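Please read the structure below before turning to the comments.
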Amino acid sequence: MTTALIVATVIAGVAVGILIGWLAGSRGAAAARHVTESLRMQLDGVTAERDGARASYDVAARELATLQADARNFDQRMKDLAESRDALIAQFRAVGDQLLEKAHKDFLEKAGERLTKADEQSEQKLKALLQPVETTLKRYEEGLQRVEKDRVDSYAGLREQVELVRAGQGQVRDETRNLVNALRSSPKARGRWGEQSLRNVLTQAGLVEGVDFNMEVSVTTDEGRLRPDVIVNLPSNRKLVIDAKCSLNSFLEACEEVDDDKRLACFRAHVASMRTHVQQLGSKAYWAQFGDAADYVVMYIPGEHFLTAALDQDPTLWEWAFERKVLLATPTNLVAIARTVATVWKQEKLAAEAGKIAELGRELHSRLATMAEHVASVGTNLSRANNAYNKMVGSLESQVMTQARRFEDFGAGSAKDIAELPMVEANPRPLTKMSPSANDDPHSIAAE
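Residues 1 to 448 in UniProt numbering are what the sequence shown spells out, letter by letter.
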């Protein structure tokens, strides 16, 4: 700014000089002076402005120098701050590294100590936990040793028992062979075997011989003497006739045959034998010989396989026999029939006992009614006695006690005071529960 002002002043001075010279040469000295004076005044103004501008320039220069110094100081301070920051960062980093290293070291030491303690505690806890297991294992090992010893002893005993069973099987086989031979050769033996099997089934079902059933009951008819194997007693004096029949020869021969045709012929002969037994039982008409007997007779076959083999050859055998009032029964079927009979007898006994209980209930009710009458009579008498007592107390108070107290007024009384005689206000409670109307009234029951 100052340089531009100086240049302007110089240019103005040159212009003024040129103008003055021109005026002096052309118009004369007066005019030149006038112009010169005017120009001088202008020059003075310009000079004053220049001086002001120079002063402003100096002030600005000083301010610039101050600002430049401040800028240099600021840069130096920024540099110092940067150096201080770097130094602090380095110091903090060094301190942080030291603290981190120390903390890491302390952590490792404490962690090591805790892990050591934890290992020791875990080892102790593990030992404590494993101690019962170790004890159990020892007991288990001891038990295994005992079991092994017992097993060896038991195995020796088992071998002995197996030998005994083997010998017993041999005896059973021999006895079975003897039994088969006896059943084949002796019809009486077959009959006794069937009767014994029938008796066993009935007793196992809960029936009692001599009470619920009778063996070999004889009856005389126009055609001769009949003797069924069993008569089962039913409620209401009814009877159930059971007769055991054994058809063994053909069945046993069929079981021993190897040839299929011969085996089939033996089974057919077995069916024919069973049909013969059915016809014989049906013709005897046992249900007509015993009063109130069931209108059929039970033909007991002492083996499931006997009837199964016959039904395999003749599926209509069962219906054919039932048409002739003969019911074919094996041990399984007869057990069901016998248990049904036992259940019916139990129901009959329960019904009889229920009748007895009802009779006892009626008798007890009659006795309770009589007792209630006596209690009501006692209550009536108590009420009468209560009324008589109250009347006597009233009469005593009004007529006797008043005169007796006058002795006290005259000083002729004794040391004892005459007690007050209270009235009895309570009345005996009536027996409302015993009346039929009270028993039928729910409100009287609720009031109790």
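Even glycine gets a Cβ: it sits at the ideal position worked out from N, Cα and C. If you're wondering where the values come from, they're calculated on a predicted model, not measured in any experiment.
Alpha-carbon spacing of residue i relative to residue j, whole angstroms
{"i": "V297", "j": "N200", "result": "19 Å"}
{"i": "V230", "j": "S197", "result": "12 Å"}
{"i": "L164", "j": "S154", "result": "15 Å"}
{"i": "R151", "j": "L158", "result": "10 Å"}
{"i": "D314", "j": "H277", "result": "15 Å"}
{"i": "Q204", "j": "A352", "result": "25 Å"}
{"i": "I301", "j": "L226", "result": "20 Å"}
{"i": "E134", "j": "A336", "result": "58 Å"}
{"i": "V375", "j": "M215", "result": "59 Å"}
{"i": "W318", "j": "A156", "result": "52 Å"}
{"i": "A369", "j": "N237", "result": "39 Å"}
{"i": "V341", "j": "F290", "result": "18 Å"}
{"i": "G45", "j": "D70", "result": "36 Å"}
{"i": "R85", "j": "D97", "result": "18 Å"}
{"i": "K166", "j": "L137", "result": "First, the amino acid is wrong: residue 166 is Arg here, not Lys. Each residue's Cα considered, the two are about 40 Å apart."}
{"i": "E257", "j": "W193", "result": "24 Å"}
{"i": "A61", "j": "G52", "result": "14 Å"}
{"i": "E253", "j": "D259", "result": "11 Å"}
{"i": "Q399", "j": "P422", "result": "16 Å"}
{"i": "Q68", "j": "R40", "result": "40 Å"}
{"i": "Y57", "j": "M78", "result": "30 Å"}
{"i": "K356", "j": "R367", "result": "16 Å"}
{"i": "E113", "j": "K102", "result": "16 Å"}
{"i": "A94", "j": "H104", "result": "15 Å"}
{"i": "residue 473", "j": "L264", "result": "No answer is possible for residue 473: the residues shown for the chain start at 1 and end at 448."}
{"i": "E397", "j": "A358", "result": "57 Å"}
{"i": "L334", "j": "F322", "result": "15 Å"}
{"i": "K284", "j": "D295", "result": "12 Å"}
Where residue i falls, given that 16 or more other Cβ within 10 Å makes a residue buried
{"i": "M274", "result": "buried"}
{"i": "K149", "result": "exposed"}
{"i": "K117", "result": "exposed"}
{"i": "F92", "result": "exposed"}
{"i": "F267", "result": "buried"}
{"i": "S247", "result": "buried"}
{"i": "S250", "result": "buried"}
{"i": "H34", "result": "exposed"}
{"i": "G361", "result": "exposed"}
{"i": "Y140", "result": "exposed"}
{"i": "K349", "result": "exposed"}
{"i": "D261", "result": "exposed"}
{"i": "A293", "result": "buried"}
{"i": "Y389", "result": "exposed"}
{"i": "K245", "result": "buried"}
{"i": "K239", "result": "buried"}
{"i": "V241", "result": "buried"}
{"i": "M299", "result": "buried"}
{"i": "L144", "result": "exposed"}
Cβ shell of residue i (< 7 Å), same chain only, five flanking positions each side left out
{"i": "N73", "result": "none"}
{"i": "A269", "result": "S250"}
{"i": "L307", "result": "I301, L328, T330"}
{"i": "P235", "result": "V344, W345, E348"}
{"i": "F213", "result": "L202, L207, V230, I231, V232, N233"}
{"i": "A310", "result": "H270, V271, M274, L317"}
{"i": "V378", "result": "none"}
Own chain partners of residue i with C-beta closer than 6 Å, once the 5 adjacent residues on each side are dropped
{"i": "M371", "result": "none"}
{"i": "A338", "result": "L202, A205, L207"}
{"i": "residue 455", "result": "In the structure as shown, the chain begins at 1 and stops at 448. Residue 455 is therefore absent and cannot be evaluated."}
{"i": "A55", "result": "none"}
Same chain only: Cβ atoms within 8 Å of residue i, ignoring 5 sequence neighbours per side
{"i": "T332", "result": "E304"}
{"i": "V211", "result": "N233"}
Contact test: residue i Cβ vs the ligand COA heavy atom, cutoff 6 Å
{"i": "V278", "result": "For the ligand COA, the structure offers nothing, since it holds no ligand at all."}
(request) Let me know the beta strand (DSSP E) ranges lying completely inside the segment 320-369, each 3 residues or longer, listed in chain order. (result) 326-329
(message) If we require 3 or more residues per run, which beta strand (DSSP E) segments fall completely within the segment 276-310?
(response) 293-300
(message) Give the list of continuous alpha helix (DSSP H) stretches no shorter than 4 residues that lie fully inside the segment 207-278.
(response) 249-256
(request) Pick out the complete alpha helix (DSSP H) segments inside the segment 75-154, 4 residues or longer, and give them in chain order. (result) none
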